[in-house]
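A.B. asks: Going by the numbering used here, the residue at position 97 of the sequence shown is 101; the numbering climbs one at a time, nothing skipped.
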Amino acid sequence: MVCMVSRTGRQMQRYNKGHRLVVGCIPYRFTRNGEFEVLVVSSQKGHAMMFPKGGWETDESVEEAASRESLEEAGVLGIVQCELGKWRFKSKSQGIYHEGYMFPLLVTEQLSLWPEQNLRKRAWVSTL
Numbered sequence: 005m006v007c008m009v010s011r012t013g014r015q016m017q018r019y020n021k022g023h024r025l026v027v028g029c030i031p032y033r034f035t036r037n038g039e040f041e042v043l044v045v046s047s048q049k050g051h052a053m054m055f056p057k058g059g060w061e062t063d064e065s066v067e068e069a070a071s072r073e074s075l076e077e078a079g080v081l082g083i084v085q086c087e088l089g090k091w092r093f094k095s096k097s098q099g100i101y102h103e104g105y106m107f108p109l110l111v112t113e114q115l116s117l118w119p120e121q122n123l124r125k126r127a128w129v130s131t132l
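Below you can see the structure in the form of structure tokens.
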């Protein structure tokens, strides 16, 4: 069973030296023709397309957070693979720094209903 409500609030967020920790995924699949595709989602305001990402919470591992963000924002389940890397960025809305971790996610299931389906669009994009 899949939880159909996104987590909200900052009370369980992880921080490192004052930087909020965020986790993202690059959901991917291979089509029947062998094409490599990645899944992108719209921002909540709909102005940009990006990979799913969000806060890493204190009650989950980094891999669990990556999987949860992909479910909440993109409506996909899959296998979280080894970390691709870390990055630091400044939040546009809050002006504070975040520390991010990014993972590939091999998609095994795409859901027709997911927590943020009314907030975001999703699109599979070929890498060719």
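Just so you know, even glycine gets a beta-carbon here, dropped at the ideal spot from N, CA and C.
Everything numeric in this text was worked out from a predicted model, so none of it was measured.
By the three-class DSSP mapping on this structure, what secondary structure does GLU61 have?
C.D. replies: GLU61 sits in a strand when the DSSP states are folded into three classes.
A.B. asks: Leaving out the 5 sequence neighbours to the left and right, which residues in its chain are closer than 6 Å to LYS125 when beta-carbon positions are compared?
C.D. replies: SER46
A.B. asks: Report buried or exposed for TYR105, applying the criterion of at least 16 other Cβ atoms within 10 angstroms of its Cβ.
C.D. replies: buried
A.B. asks: At a cut of 8 Å, does the region 83 to 96 reach the region 44 to 64 through at least three beta carbon pairs?
C.D. replies: no
A.B. asks: For a test of the three-state rule: what should DSSP assign to ALA127, helix, strand or coil?
C.D. replies: strand
A.B. asks: Residue range of the beta strand (DSSP E) that LEU81 falls in?
C.D. replies: Per DSSP, LEU81 belongs to the beta strand (DSSP E) from 80 to 84.
A.B. asks: Would you report the Cα separation of VAL44 and PRO108, rounded to the nearest angstrom?
C.D. replies: In a straight line, the C-alpha of VAL44 is about 13 Å away from that of PRO108.
A.B. asks: Going by other Cβ atoms of all chains shown within 10 Å of its Cβ, with 16 needed for buried, is LEU25 buried or exposed?
C.D. replies: Label assigned to LEU25: buried.
A.B. asks: Can you give me the start and stop residues for the beta strand (DSSP E) that LYS94 sits inside?
C.D. replies: 89 to 94
A.B. asks: For GLN114 and CYS29, what's the separation of their Cα atoms in angstroms?
C.D. replies: 15 Å
A.B. asks: With DSSP run on the structure shown, which of helix, strand or coil describes LEU75?
C.D. replies: In this structure, DSSP gives LEU75 a helical state, which the three-state scheme calls helix.
A.B. asks: Identify which residue in GLN48, ALA70, LYS96, GLY22 has its Cα closest to the Cα of LEU110.
C.D. replies: Among GLN48, ALA70, LYS96, GLY22, the Cα nearest to that of LEU110 is on ALA70.
A.B. asks: Work out the CA separation of LYS94 and GLU76 for me, nearest whole Å.
C.D. replies: For GLU76 and LYS94, the gap between their C-alpha atoms comes out near 23 Å.
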